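Residue numbers (this note's numbering), protein chains in the order written: chain R, 16 to 462; chain E, 16 to 462; chain Z, 16 to 462; chain V, 16 to 462. Where is the CB? At the ideal position from N, CA and C, for every residue including glycine. Given the structure is predicted, the values throughout are model-derived calculations rather than measurements. Everything on this sheet refers to the single structure shown next.
There are 4 protein chains.
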Amino acid sequence: VLDLFTTAELRDALSLQARVRAMLDFERALAAAQAQVGLIPPAAATAIAAACDVAQIDLPLLGNQAVAAGNLAIPLVRQLTRAVQATDSEAARFVHWGATSQDVIDTGMLLQLRDALALIESDLAALATAVAERAEQHKRTLMPGRTWLQQATPITFGLKAAGWLSAIERDRARLAQLKPRLFVLQFGGAAGTLASLGRRGLDVAAALAAALDLALPELPWHTQRDRFAEIATTLGILTGTLGKAARDLASLMQTEVAEAFEPAAAGKGGSSTMPHKRNPVGAAITLAAATRVPSLVATMLAAMPQEHERGFGNWHAEWDTLPEIVLLAGGATQQMRLAIEGLEVDRERMRTNLDATRGMPYAEAVSMALAEKVGKAAAHHLVEACARAAFAQRCSLRETLAEQPAVAQHLSPGQLDQLFDPRTAAGLAEVFVERALQAFHRTQDGH
Amino acid sequence: VLDLFTTAELRDALSLQARVRAMLDFERALAAAQAQVGLIPPAAATAIAAACDVAQIDLPLLGNQAVAAGNLAIPLVRQLTRAVQATDSEAARFVHWGATSQDVIDTGMLLQLRDALALIESDLAALATAVAERAEQHKRTLMPGRTWLQQATPITFGLKAAGWLSAIERDRARLAQLKPRLFVLQFGGAAGTLASLGRRGLDVAAALAAALDLALPELPWHTQRDRFAEIATTLGILTGTLGKAARDLASLMQTEVAEAFEPAAAGKGGSSTMPHKRNPVGAAITLAAATRVPSLVATMLAAMPQEHERGFGNWHAEWDTLPEIVLLAGGATQQMRLAIEGLEVDRERMRTNLDATRGMPYAEAVSMALAEKVGKAAAHHLVEACARAAFAQRCSLRETLAEQPAVAQHLSPGQLDQLFDPRTAAGLAEVFVERALQAFHRTQDGH
Amino acid sequence: VLDLFTTAELRDALSLQARVRAMLDFERALAAAQAQVGLIPPAAATAIAAACDVAQIDLPLLGNQAVAAGNLAIPLVRQLTRAVQATDSEAARFVHWGATSQDVIDTGMLLQLRDALALIESDLAALATAVAERAEQHKRTLMPGRTWLQQATPITFGLKAAGWLSAIERDRARLAQLKPRLFVLQFGGAAGTLASLGRRGLDVAAALAAALDLALPELPWHTQRDRFAEIATTLGILTGTLGKAARDLASLMQTEVAEAFEPAAAGKGGSSTMPHKRNPVGAAITLAAATRVPSLVATMLAAMPQEHERGFGNWHAEWDTLPEIVLLAGGATQQMRLAIEGLEVDRERMRTNLDATRGMPYAEAVSMALAEKVGKAAAHHLVEACARAAFAQRCSLRETLAEQPAVAQHLSPGQLDQLFDPRTAAGLAEVFVERALQAFHRTQDGH
Amino acid sequence: VLDLFTTAELRDALSLQARVRAMLDFERALAAAQAQVGLIPPAAATAIAAACDVAQIDLPLLGNQAVAAGNLAIPLVRQLTRAVQATDSEAARFVHWGATSQDVIDTGMLLQLRDALALIESDLAALATAVAERAEQHKRTLMPGRTWLQQATPITFGLKAAGWLSAIERDRARLAQLKPRLFVLQFGGAAGTLASLGRRGLDVAAALAAALDLALPELPWHTQRDRFAEIATTLGILTGTLGKAARDLASLMQTEVAEAFEPAAAGKGGSSTMPHKRNPVGAAITLAAATRVPSLVATMLAAMPQEHERGFGNWHAEWDTLPEIVLLAGGATQQMRLAIEGLEVDRERMRTNLDATRGMPYAEAVSMALAEKVGKAAAHHLVEACARAAFAQRCSLRETLAEQPAVAQHLSPGQLDQLFDPRTAAGLAEVFVERALQAFHRTQDGH
């Protein structure tokens with residue numbers, strides 16, 4: 016599995032090394048918390064802390080042992096215990112005291128997720144800013160609106176960007192609402208009762224949560240997986256949002272449309288055989304993520320009904336799936352950031368394309384205007400007939416309409432001019448852009 | 016497609032009739048809003064309102080026409096226009112004025128979702144209450160904790176219920192946070208610019224939103240589908256939560272476990288061939304939902320990258336998928352409500368099962384206690400050996416340990432008694448239940 | 016759930032009525048088989064046969080009872096027994112004798128699937144023929160090949176059609192291989208041992224299989240669901256094949272490409288607001304299926320690990336999912352059949368588009384030819400530079416190259432002419448089409 | 016991404032190194048084929064062959080470059096070209112001659128898949144043999160049949176194993192039918208026309224296919240992805256089959272059931288806290304695969320509608336997804352092989368469990384026997400009443416029935432004895448096992 020489509024930072028944040036580091040953070044903080052409440056000697060906590068160093072772990076060996084053991088925690092605790100033993104044999108027996116494998120695996124995953132989300136949110140903020148700039152810049156840049164891939168009435172490129180922006184802003188709001196629910200300590204011991212810590216379990220849990228800067232839950236949540244499911248679905252929606260923008264972008268880059276382009280980068284987007292091509296590489300990577308993530312989200316949801324006090328099979332199914340989602344969502348975010356920050360927009364071509372169908376995008380407006388005079392159905396049929404005639408004879412719809420007495424009778428040349436004015440025909444595009452930007456700036460100010 | 020697994024109320028709320036009614040609500044409110052801002056004559060709005068009556072629509076005909084037209088809006092507007100024409104031919108031309116099919120389809124779906132969610136949330140509130148009662152009742156009811164389907168240390172049934180409760184409460188919180196983002200008017204006209212309404216588009220939109228009690232968005236969101244995706248994912252997580260409880264319940268109902276049971280209902284859970292059986296029907300229906308919904312959620316996410324100003328194919332993919340999710344999530348909610356409200360708990364059998372392995376669930380506690388004397392590894396091996404011996408010879412672990420000098424030397428009979436006291440061994444189970452209940456009651460008070 | 020996107024025939028074949036009819040076919044054949052081997056009186060079989068008439072079943076009542084009972088079999092057997100009782104109370108006790116609900120539900124589904132597959136295969140055969148005709152007709156019709164949505168080297172439209180054809184032919188081969196594995200009787204009684212039929216169970220099973228024209232399996236397969244999973248995956252692959260053709264078609268129908276079109280049909284593909292549009296409705300319906308079916312297939316696969324001798328939840332998850340897959344796959348097949356049978360191809364526009372980039376599609380050929388003289392890297396860079404220059408200055412690549420001494424030195428005007436001859440540049444397109452057609456005709460002859 | 020759940024051999028077969036090796040195999044064979052048909056000098060082919068050595072490739076560098084380039088082929092061809100250049104600058108220009116990235120990526124994947132499938136099929140054959148042995152050994156080993164996790168009528172453990180066996184055999188048949196469709200050369204050049212090879216393209220393709228021992232397709236299949244989809248779905252069904260056996264196994268290992276066990280292995284299945292536990296690790300890994308693979312299959316299907324002559328995004332979505340499926344399916348196959356080869360069956364406990372409900376599993380047989388006397392409904396109600404009474408009073412169903420005059424009147428003690436004989440009650444279990452074994456051995460002989 017190559018994971019070509021993510022960022023180096025996320026790859027690091029979700030690497031085996033980072034996972035082990037996070038798990039050691041848990042073990043160190045656990046010992047410290049237990050020392051703090053007087054459950055283990057301070058010296059033991061010190062010795063354990065000293066050994067909780069990823070550089071001291073034999074990672075390749077750990078990987079192999081994990082395959083045999085079925086999880087990372089068992090061999091890691093073994094290596095850690097041995098390392099503590101080497102310096103303080105008394106302390107060794109307090110390693111992982113009262114915790115279960117799932118405590119360190121789940122909490123370790125949370126710590127990794129926190130780092131990873133920070134990276135993604137940073138790219139996402141930059142992407143929002145870049146999109147907002149495009150929306151502002153192009154709020155009056157006319158282009159064809161397209162429905163069913165067919166040209167419809169005119170819009171502005173800013174309106175398209177404002178649509179992206181508003182969705183990205185909702186994705187950011189979802190992430191913000193999710194975090195207090197997600198970043199919650201997992202610590203319950205064998206069956207979720209912290210039985211092995213006697214009456215001090217809750218104090219240890221509170222100290223541990225504080226040390227790791229995680230919230231203390233009402234109770235351990237070993238087989239209640241909604242927290243992990245929710246980060247998966249939230250990133251799933253984000254990836255869908257990015258995929259929508261990527262599909263727009265790739266469509267605009269088509270040879271026959273050619274209205275906007277990802278920035279050209281060295282060694283990116285070239286073809287091994289065709290020197291003239293400019294491939295939508297960032298869009299492709301983003302769409303790859305948008306193709307893969309929905310199914311990975313389904314896996315996270317399907318894995319939720321976990322058995323009694325510990326899932327088997329379904330818990331394991333999460334381990335690679337959730338990091339994959341994070342890697343793909345993060346990779347897509349960065350790709351779209353780069354694509355939008357360096358976006359090249361060809362206003363002229365947009366206008367050329369809008370004119371290429373000789374007036375078709377204005378048909379609806381004419382139809383509406385005529386409807387006020389002759390009724391909707393009659394207007395619709397009249398305009399439809401003219402549109403078909405103009406299309407067949409490759410002449411201008413405006414001329415065809417003007418030559419039609421049934422039309423000329425109701426619409427003066429001046430009225431027709433106005434109806435065929437793309438600025439009029441773009442309706443509230445600019446107003447909507449401004450509304451989206453105002454909301455964006457209000458949120459920015461709120462941060 | 017039979018949809019056996021949902022409630023009659025939800026089936027109604029998501030029926031063709033309800034869909035048409037919701038779409039007519041949109042058309043009526045649209046005409047009223049346009050009259051209000053002076054765009055169409057008040058008499059037209061009145062005539063349109065009079066015709067917006069689902070009883071006047073030929074539903075079977077509509078269904079057939081919808082298949083041909085590819086969506087419901089086109090033939091519905093046609094039927095509606097004809098109905099208006101019959102009473103006020105002038106008014107007919109203002110039917111659906113300035114709107115596009117997607118405006119009425121999406122907004123209609125929102126109105127249906129609002130009704131459906133109200134039903135689901137009502138069942139969910141009752142389920143939460145019932146689960147909280149079980150948690151309270153059974154906070155000290157001892158039973159085996161089970162990890163990997165193997166008996167682990169003891170828990171209480173209340174702890175299991177508290178786990179369900181806390182997840183349900185988070186699901187309710189998610190629904191609460193989602194609603195302001197979801198219930199937002201869709202109204203943009205052909206390409207999302209409201210071009211055909213001239214400068215008055217925004218006023219119409221505001222009046223329309225107010226009339227339908229929906230929020231007014233910054234801009235139309237035809238191809239930004241995150242709102243629908245989010246209700247899908249939120250119900251997906253809810254279904255996973257319910258599936259977890261259902262899997263627990265079905266496992267407890269197993270012939271060999273027999274610790275808790277769904278209520279018996281007339282004609283439910285019987286077998287056509289085996290008169291003695293008591294099938295977990297509610298759990299089965301819930302698990303069916305938990306098996307189907309994840310993939311349906313994936314479809315909603317996969318459908319997000321919609322083309323330019325109108326999706327094709329992917330938008331259509333939502334139409335049956337989102338209602339299916341709602342039907343299944345709602346059916347599962349009701350089934351679990353009935354199951355938990357009528358739950359029969361066999362405390363005696365729970366205790367019998369806990370004792371059936373002759374002390375194995377206390378092995379960990381002994382191991383921990385011994386570890387304080389002889390170190391963790393030595394203790395683990397010692398207890399493991401005794402456990403294997405006791406298991407092989409079918410005798411009690413407590414006896415086996417007591418007979419082992421290496422154990423007796425460190426643990427007195429009194430200490431062993433305490434270690435084998437299930438109440439001690441259940442650790443913080445009761446404390447955790449109380450914390451979960453407090454949180455639940457705090458939230459209840461906040462409502 | 017509206018199921019707008021399928022055929023009327025499939026809707027009938029998978030309706031509640033058809034399901035009940037198929038289940039009654041099973042019950043009738045079961046009684047006949049039992050009479051044949053002497054297990055029940057011939058008169059009982061006759062009485063049961065007379066009552067196995069879907070017209071005598073109260074379908075709305077059945078639907079409601081099925082919701083309560085959790086499956087269709089229990090209330091259906093009840094209605095049937097009552098009907099038999101009315102004419103022959105003795106015979107009534109032999110209704111459904113020795114069978115379990117799953118026997119009649121699974122076998123009934125198989126009988127429905129057989130009818131449904133026959134419909135789909137008929138449309139698929141017609142589609143293959145239509146595609147083969149297009150491939151033949153257009154084997155030399157030049158058009159731009161497109162990779163990453165960018166114009167690449169020229170192909171022919173026939174080559175594109177031949178690609179569709181070869182995939183469709185593989186789909187037909189898969190269906191042919193699947194059928195002997197799929198159409199296999201389900202009949203095992205309560206736990207799959209046919210215990211209640213004593214020693215005659217196997218004879219009854221053989222006679223029942225023969226009567227229903229199904230194969231007799233080595234053993235009942237209640238919780239081995241691979242047969243249903245395989246029809247799901249096979250239709251899933253078919254839908255993907257159709258989706259690929261549909262995406263091609265929708266892309267060719269784009270306003271800016273406009274090379275090929277679905278046939279216009281009355282009331283189909285029109286827009287409610289824009290009279291000039293020609294929407295790719297068939298392609299949209301097909302892509303909707305290609306968006307939905309993959310997830311539904313995942314549900315069928317996820318439902319496979321069914322518990323012991325009867326699944327719960329996961330078995331139920333199949334009931335609506337498999338018919339949905341069939342409806343969607345069949346609807347897509349018919350849509351693509353109609354689209355291809357009535358396809359309008361604009362050869363002229365294909366050629367215009369190929370020329371629109373002023374020679375870019377030939378860049379690779381020039382690069383390859385130059386490579387023979389100056390090496391691959393040098394040639395690539397040289398052509399890339401010319402391509403960029405030509406693109407920037409909007410002039411012809413052929414001219415730009417000719418003016419470049421480094422090129423002119425190695426390639427004569429005649430050579431350049433040949434390199435820019437689209438027929439040469441289309442390489443083996445025609446050869447590949449002929450190979451695909453030969454394979455198709457060989458298979459046709461084999462039928 | 017840790018991929019803990021697969022075999023070392025598969026990990027190797029699907030490693031970056033193996034991928035590069037397979038791609039170099041393609042490049043070497045391509046040059047040889049071109050030399051063979053006289054398209055390039057033999058010396059060039061020799062030089063290229065010499066450089067096609069994975070040991071000469073800088074893999075870490077390649078990985079990084081692939082991230083930038085968006086695929087592996089571009090930087091690999093670059094490294095390879097440089098290596099050839101170092102020894103024969105003339106030959107360098109013939110590296111990758113006429114091929115496109117997708118040719119080498121797809122064909123390389125096929126070569127890897129061939130190796131991987133051979134490994135999986137070998138494990139699968141061994142698994143089938145082990146399962147057949149269990150079926151034979153235990154064809155008369157009585158145990159409770161279980162439906163809805165409730166005890167139903169008796170079966171034998173051999174019957175359960177025979178069910179697994181027959182499904183595994185169908186999976187092997189599917190793999191056998193798939194291979195001729197799957198192992199087909201991909202070679203089409205830039206747009207699938209082999210244009211750059213002039214008239215010799217087909218000869219090169221034929222020689223290349225022969226050299227790689229792949230079939231020659233009628234035409235290149237760049238955007239027809241059904242071949243890769245089919246290997247995905249076939250492994251998906253296999254994984255479901257394995258998941259079913261794994262779920263059975265884990266359920267049998269439950270503390271309260273304890274009828275069969277995975278072999279204990281050093282460091283496997285132990286708990287970090289509870290020395291007495293024996294976790295179903297192999298079953299868990301298999302169920303993890305059965306949870307993840309369905310969604311990954313959905314991704315492969317969803318990725319099928321690829322654009323025109325080269326997919327973007329959807330093609331990329333396959334790259335990690337298909338290998339994941341292979342890794343998971345192969346890991347699950349090996350785990351189940353180990354589990355079944357070392358399976359421990361507790362016949363005594365099976366019998367104890369069968370007796371634990373004091374005769375309930377025989378209720379159906381009694382009901383059927385009584386039905387012959389009093390009619391089905393009356394018999395059902397009578398037995399149901401006795402079953403409820405016996406259940407409530409914890410006494411034997413046989414006694415309860417015998418004490419019931421309405422029963423005693425129709426069934427003699429001798430008849431009751433026979434009805435309560437589990438061997439009778441297991442019906443055709445043994446017959447079905449033998450039929451399944453005969454079919455297995457017939458197939459084995461056919462190999």
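Below-8 Å beta-carbon distance, residue i vs any chain R residue
| i | result |
| --- | --- |
| G203 (chain V) | no |
| A6 (chain Z) | With chain Z represented from 16 up to 462, any question about residue 6 (chain Z) goes unanswered, as that position is not in the structure. |
| A85 (chain V) | The sequence given here has Gly at residue 85 (chain V), not Ala. Closer than 8 Å to some Cβ of chain R, the Cβ of G85 (chain V) qualifies, so yes. |
Per DSSP, the bridge partner or partners of residue i
| i | result |
| --- | --- |
| T162 (chain E) | R:R325 and E:Q165 |
| A275 (chain R) | R:V360 |
| V199 (chain E) | E:A230 |
| I170 (chain V) | V:M158 |
Where residue i meets chain Z, residues with beta-carbon distance less than 7 Å
| i | result |
| --- | --- |
| V272 (chain R) | E271 |
Short CB-CB distance (under 8 Å) between residue i and chain Z
| i | result |
| --- | --- |
| L164 (chain R) | yes |
| L209 (chain E) | no |
Interface flag, residue i vs chain V, CB-CB below 8 Å
| i | result |
| --- | --- |
| L19 (chain R) | yes |
| A191 (chain E) | no |
Beta-carbon neighbours of residue i, restricted to chain R and to distances below 8 Å
| i | result |
| --- | --- |
| N79 (chain Z) | Within chain R, no residue comes near N79 (chain Z); the closest Cβ sits about 29 Å away, beyond 8 Å. |
Proximity test, Cβ basis, 8 Å: residue i and chain E
| i | result |
| --- | --- |
| A303 (chain Z) | yes |
Query raised in the report: the stretch 353–370 of chain R: which residues have C-beta closer than 7 Å to a C-beta of chain Z, in chain order?
Result: Listed in sequence order: N368.
Query - Interfacial residues, the stretch 316–334 of chain V to chain Z, with Cβ spacing under 9 Å - result: Within the stretch 316–334 of chain V, the residues whose Cβ lies closer than 9 Å to any Cβ of chain Z are, in chain order, L316, A317, A318, M319, P320, Q321, E322, H323, E324, R325, G326 and F327.
Requested in this report: Give a yes or no on contact between the stretch 316–323 of chain Z and the stretch 96–111 of chain Z, applying the rule of three or more CB pairs nearer than 8 Å.
Outcome: Look at the beta carbons and you see the stretch 316–323 of chain Z not touching the stretch 96–111 of chain Z: under three pairs across the two are nearer than 8 Å.
Query raised in the report: Would you call the stretch 217–235 of chain R and the stretch 134–141 of chain R in contact, with 3 or more CB pairs under 8 Å?
Result: The answer is no - the stretch 134–141 of chain R does not touch the stretch 217–235 of chain R, with fewer than three Cβ pairs under 8 Å.
Query raised in the report: Quick one, which residues of the stretch 387–400 of chain V are near chain Z if we go by CB-CB under 7 Å, in chain order?
Result: When CB distances to chain Z are screened at a threshold of 7 Å, the residues of the stretch 387–400 of chain V falling below it are G390 and K391, in chain order.
Report task. Pull out every residue of the stretch 417–449 of chain Z whose Cβ sits closer than 7 Å to any Cβ of chain R, in chain order. Result -> Within the stretch 417–449 of chain Z, no residue qualifies.
Report task. Give a yes or no on contact between the stretch 181–189 of chain R and the stretch 266–273 of chain R, applying the rule of three or more CB pairs nearer than 8 Å. Result -> Judged by Cβ distances under 8 Å, the stretch 181–189 of chain R makes no contact with the stretch 266–273 of chain R, as fewer than three pairs qualify.
Query raised in the report: If you pair each beta-carbon of the stretch 293–304 of chain V with each one of the stretch 229–239 of chain Z, do three or more pairs fall below 8 Å?
Result: Counting C-beta pairs with one atom in each stretch, the stretch 293–304 of chain V and the stretch 229–239 of chain Z have fewer than three that are closer than 8 Å, which means they do not touch.
Query raised in the report: Is it a yes or a no for the stretch 336–348 of chain Z touching the stretch 239–251 of chain Z, going by three-plus beta-carbon pairs under 8 Å?
Result: The stretch 336–348 of chain Z, when compared against the stretch 239–251 of chain Z, does touch it at the 8 Å Cβ threshold.
Query raised in the report: Per the contact definition of three or more C-beta pairs closer than 8 Å, is the stretch 32–46 of chain E in contact with the stretch 126–133 of chain E?
Result: Verdict: yes, contact present.
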